[in-house]
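Residue numbers (the numbering used here): 46 to 499.
Ideal placement from N, C-alpha and C gives every residue a C-beta, glycine not left out.
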């Protein structure tokens, strides 16, 4: 079952956005309301002073209400100055010279009542209006004053747009810094990853000091799990070795019983049973050794191990030595010694069994893989039979008609445990060629076409 991949960076970015966007919206709204209130209070205070000045300049004469222009500001005399007033009573009104037609309609207010509001002026302007009911000379009046606040609103909008730009830039900067900080934090886990990969290669797990406290429990759990697996595999291999020794005596008794039997058919049957049991026990013991993911203990050094293997195999040929052409590294390769001895030993055993005089062995690194090639100059295998040489399951190995299938099955199990692949071809030498690709630990490459030697 596939696991959906999640990104911690995306989760943190999404969380920051969910926090910052509402916070910034609230900040903009607060700024807008604050500046609007400041404008209302500031302009409203000035309009209140204008009302008082106009009320003082207003005089009742025989001709009616008159305004002493020497007591009002020059702005009320200049057309379009942005400062306007209207004085309204029940039978007429006066208005400032700065106010052009059409003049706003002013309704009468009772003395003591005042209103402050905004209206749209001509030419897309915005006015702040103060309207107040007063009583003078035993007569009720309504004084209406206005000031053009378009410049205030424009300035307020500029401030808000500037703040919005700053907040957007700040958001992008926070996102960038969050990404950098997160990568910097994850970089502190790189030594832990390196230690785990190194432990997979040489079996010595040594987690670095200074692991972040947030992942320390995870690191401790991994360390305990690896230690448990190492001990469990050690016990399994010890039990396998003990079982192999314990089975030798019963098998020898079975062989002696077969030789002592007078009836030839029974003797042949017992010897056949002995051979089948011996093959099955060897195969099962080897599978038990390599089952699961191997926990490496010691690295495999071809220069040290192969001469001994060749010496043993040549003894089986009863004096007829095989020429071995080797292309192998002069250093240890990053795989478990026991597994590689199992793998290379079975490959060479098969090659020795069928070779006429020559075996080729190549071990080399190739684009993220270690490639092992074994070829012989034996009779080879028919192309249509090559696909059937690797058993599909364990039961296939019980058939003794094909002696090298057991060895290839064990090789296939070892290769599979490392995530590698095994291929069979007709060798240029004339016999069988086995090509094995095993990926390096931590390699991003999982496939690759290797250059093949025949």
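Distance CB(residue i)-CB(residue j) smaller than 9 Å
i: residue 419; j: residue 453; result: no
i: residue 484; j: residue 413; result: yes
i: residue 103; j: residue 111; result: yes
i: residue 171; j: residue 163; result: yes
i: residue 350; j: residue 389; result: yes
i: residue 12; j: residue 397; result: Since the first residue of the chain shown is 46 and the last is 499, residue 12 is not available in this structure.
i: residue 174; j: residue 161; result: yes
i: residue 408; j: residue 372; result: yes
i: residue 386; j: residue 345; result: yes
i: residue 258; j: residue 234; result: no
i: residue 354; j: residue 367; result: no
i: residue 434; j: residue 469; result: yes
i: residue 98; j: residue 118; result: yes
i: residue 155; j: residue 135; result: no
i: residue 296; j: residue 317; result: no
i: residue 459; j: residue 395; result: no
i: residue 481; j: residue 464; result: no
i: residue 73; j: residue 227; result: no
i: residue 378; j: residue 410; result: yes
i: residue 91; j: residue 192; result: yes
i: residue 319; j: residue 305; result: no
i: residue 462; j: residue 384; result: yes
i: residue 428; j: residue 471; result: yes
Assigned secondary structure, residue i (DSSP; H/G/I helix, E/B strand, else coil)
i: residue 211; result: helix
i: residue 434; result: coil
i: residue 175; result: strand
i: residue 463; result: coil
i: residue 369; result: strand
i: residue 93; result: helix
i: residue 157; result: coil
i: residue 146; result: coil
i: residue 183; result: coil
i: residue 191; result: strand
i: residue 306; result: coil
i: residue 471; result: strand
i: residue 137; result: strand
i: residue 59; result: helix
i: residue 476; result: coil
i: residue 15; result: Within the shown structure, residues of the chain are numbered from 46 to 499, placing residue 15 beyond reach of any answer.
i: residue 51; result: coil
i: residue 234; result: coil
i: residue 514; result: With the chain covering 46 to 499 only, the question about residue 514 has no answer from this structure.
i: residue 64; result: helix
i: residue 481; result: strand
i: residue 256; result: coil
Exposure of residue i, with buried meaning 16 or more beta-carbon neighbours within 10 Å
i: residue 476; result: buried
i: residue 187; result: buried
i: residue 129; result: buried
i: residue 215; result: exposed
i: residue 152; result: exposed
i: residue 150; result: exposed
i: residue 347; result: buried
i: residue 416; result: buried
i: residue 370; result: exposed
i: residue 143; result: buried
i: residue 66; result: exposed
i: residue 467; result: buried
i: residue 133; result: buried
i: residue 124; result: exposed
i: residue 202; result: exposed
i: residue 75; result: exposed
i: residue 314; result: exposed
i: residue 213; result: exposed
i: residue 263; result: exposed
i: residue 63; result: exposed
i: residue 189; result: buried
i: residue 381; result: buried
i: residue 95; result: buried
Neighbour flag for residue i against chain C, beta carbons, 9 Å
i: residue 71; result: This model lacks chain C altogether; it includes just one protein chain.
Practice task
Examine the Cβ distances between the stretch 219 to 229 and the stretch 158 to 178 and report whether three or more of them are shorter than 8 Å.
Solution key: In short, these stretches do not touch, since the Cβ pair count stays below three.
Handout entry: Contained beta strand (DSSP E) runs [length at least 3] in the stretch 376 to 429, N- to C-terminal order
Key = Unbroken beta strand (DSSP E) stretches of 3 residues or longer found wholly inside the stretch 376 to 429: 378 to 381, 403 to 411, 414 to 421, given in chain order.
Exercise for the section: Would you mind listing the beta strand (DSSP E) stretches within the stretch 107 to 132 that are 3+ residues and don't spill past its ends, in chain order? Expected result: Runs of the beta strand (DSSP E) inside the stretch 107 to 132: 109 to 112.
Practice task
Determine, using beta-carbon pairs with one atom in the stretch 50 to 60 and one in the stretch 130 to 141, whether at least three such pairs fall under 8 Å.
Solution key: With the rule of 3 Cβ pairs closer than 8 Å, the stretch 50 to 60 does not count as touching the stretch 130 to 141.
Problem - Contact the stretch 78 to 88 vs the stretch 114 to 128: 3+ CB pairs below 8 Å - result: Fewer than three Cβ pairs drawn from the stretch 78 to 88 and the stretch 114 to 128 lie within less than 8 Å of each other, which leaves the two stretches out of contact.
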